[in-house]
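Structure, as structure tokens:
Number of protein chains: 2
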Amino acid sequence: MLRSCAARPRTLSALRAARGGAPRPARDPGPARRSFSTEKVIHKDHSLPNPSWSKDLRLLFDQFMKKCEDGSWKHLPSSECKVPQRIHSFKTYFLDSKPVKEDQLSQARPFTRSYEVGQGFEYAMFYNEDEKRTVCLFQGGPYLEGPPGFLHGGALATMIDTTLGVCTISCMGLFMTANLNINFKSPIPLCSVVVISSQLDKVEGRKVFVSCNVRSVDEKTLHSDATDPVLVILYPYRMTFLHLILLFSLQR
Amino acid sequence: MLRSCAARPRTLSALRAARGGAPRPARDPGPARRSFSTEKVIHKDHSLPNPSWSKDLRLLFDQFMKKCEDGSWKHLPSSECKVPQRIHSFKTYFLDSKPVKEDQLSQARPFTRSYEVGQGFEYAMFYNEDEKRTVCLFQGGPYLEGPPGFLHGGALATMIDTTLGVCTISCMGLFMTANLNINFKSPIPLCSVVVISSQLDKVEGRKVFVSCNVRSVDEKTLHSDATDPVLVILYPYRMTFLHLILLFSLQR
């Protein structure tokens, strides 16, 4: 599905920031701080440590932030902002689907950031441009329970998909996920931290193949892997005027 | 992953009900009605219509409830209750995984029922024993947004997985998901209703193959399909004393 596109706005702004430009907020998170000197709205970055983060997650985050110092890795901020033009473009692109009603859309929240702090998806992402790799440090909160005491597989699938999407957009640009194939190896205890490592494997025409694995913090346990998901790039495949509108809108 | 097991307690109680026994609540949902005459706690069934349900979802629900009248289909209730013995059994079964801390476990909520009414996963399931089929009527709320105005693919993967899990447990009993392979065809507008139809395809030794498709209410749009997910049955595979404890606990 297109859920991978959800990560796109954040990622694009993150990459823009990584390339020297100012990160552009992608969604209105409600409370936002204002810098009155410039009247520029500063949106909250949800991928920074908060009180719900465990010691493991903080330690890993600090390790990766240290790796960012020499420029080999980039921290991808996760801020939000609703851009009406982008919403319109998605509606325009999917001409055959009935769009959501405006009053329902006003209540919408991005799935992976829809819980209160610490209850759901707590994560931070880092990107290595040379190695075409994206790493997601993920702590699944108590509201993501599947079997008693363990993370729901759907929650893990959500984070795998998000990480693969960020990896693809970082390396290749616009895309649409066509397939997601996950092997589940070992259950993840609730509230524990895992490392989701994804990488670009190959590009065949308009298809991009990315893969990932999910490991425990000590790397001893392989919880899951996702092999050969096929991600179809929208650009330059079937480029039309509508695609150009979409592309322009997403890169705003 | 084992997320499919999460649906197990509810399904088992539902099947028990379908076979003539009283459905057994599976998780404490907080507010529960009490019948003072018998002192029996009546847990809320989350799979019944509520004010957030759209006209489409209510209509479909009524259609399937009508199909239940001749006994060909069964409505699978979705009630909750935390059974300490079951939690302990899961911990015991996964000896190599670090269990979640008790204080964190007390805050745990099942992922697909962790949102307030109407915000997240609204769904009802029906089972046809003769055809080995399970149908899930699903309305994704505004907190499950992926691309602007559309459902997050991870949310759809969660519901696909849950439906396949219920289908497997209904037909075969205890299991653990080994693989989930989803093809995404068309995005689902937020707050719209889709029908997830799953069926048992074949059984090869300890492997069960189930598949499903996700269609719009008018059946004109194929949103997604999941082909050949391999589900490994715990019973009778590698049956040990620990498995027997687990089995006993789940069927309480």
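If you're matching them up, the sequences are chains A and B in order.
Counting in the UniProt record's numbering, the first sequence runs from 1 upward without gaps.
Counting in the UniProt record's numbering, the second sequence runs from 1 upward without gaps.
Even glycine gets a Cβ: it sits at the ideal position worked out from N, Cα and C.
In chain order, what residues of the same chain have a beta carbon less than 7 angstroms from the beta carbon of residue i, not counting five sequence neighbours either side?
i	result
LYS202 of chain A	PHE209
HIS223 of chain B	LYS185, SER186, ILE188, VAL194, VAL214, ARG215 and SER216
HIS152 of chain A	LEU144, GLU145 and GLY146
PRO49 of chain A	ARG58 and PHE61
GLN104 of chain B	none
Using the three-state DSSP reduction, which class does residue i fall into: helix, strand or coil?
i	result
GLU131 of chain A	coil
TYR115 of chain B	coil
THR163 of chain A	helix
CYS191 of chain A	coil
residue 288 of chain A	There is no way to answer for residue 288 of chain A, as the model of chain A reaches only from 1 to 252.
ASP201 of chain B	strand
THR158 of chain A	helix
ARG58 of chain A	helix
THR177 of chain A	strand
LEU105 of chain B	helix
SER186 of chain A	coil
LEU48 of chain B	coil
SER170 of chain B	helix
PRO142 of chain B	helix
Flag this pair as yes or no: are the beta carbons of residue i and residue j separated by less than 9 angstroms?
i	j	result
ILE160 of chain A	ILE196 of chain A	yes
ALA155 of chain A	GLY154 of chain B	yes
THR221 of chain B	CYS167 of chain B	no
LEU190 of chain A	ALA157 of chain A	no
SER52 of chain A	GLY141 of chain A	yes
SER47 of chain B	ALA124 of chain B	yes
residue 279 of chain B	THR162 of chain B	Outside the displayed range of chain B (1 to 252) lies residue 279 of chain B, so it cannot be described from this structure.
To which residues of the same chain is residue i closer than 8 angstroms at the C-beta, ignoring the five residues directly before and after it?
i	result
SER114 of chain A	GLY120
SER72 of chain A	ASN128 and ASP130
ASP225 of chain A	ILE182, ASN183, LYS185, SER211, CYS212, ASN213 and VAL214
MET65 of chain A	HIS75
LEU60 of chain A	LEU137, VAL193, VAL195 and VAL217
ASP70 of chain A	none
Just to check my reading of the structure: residue i and residue j have Cβ atoms closer than 8 angstroms, yes? What is that Cβ distance to the nearest angstrom?
i	j	result
GLN107 of chain B	LEU57 of chain B	So it is not a contact: roughly 30 angstroms between Cβ atoms.
CYS171 of chain B	LYS132 of chain B	5 angstroms
Determine the chain C residues that contact residue i at a beta-carbon separation under 7 angstroms, and present them in chain order.
i	result
GLY173 of chain B	Of the protein chains in this structure, namely A and B, none is chain C.
In chain order, what residues of the same chain lie with their CB nearer than 6 angstroms to the CB of residue i, ignoring the 5 residues before and after it?
i	result
ARG109 of chain B	none
PHE200 of chain A	Position check: residue 200 of chain A holds Leu in this sequence, whereas Phe was assumed. So the qualifying residues of the chain are LYS132, CYS171 and VAL210.
PHE126 of chain A	PHE64, TRP73, HIS75 and VAL135
GLU204 of chain B	none
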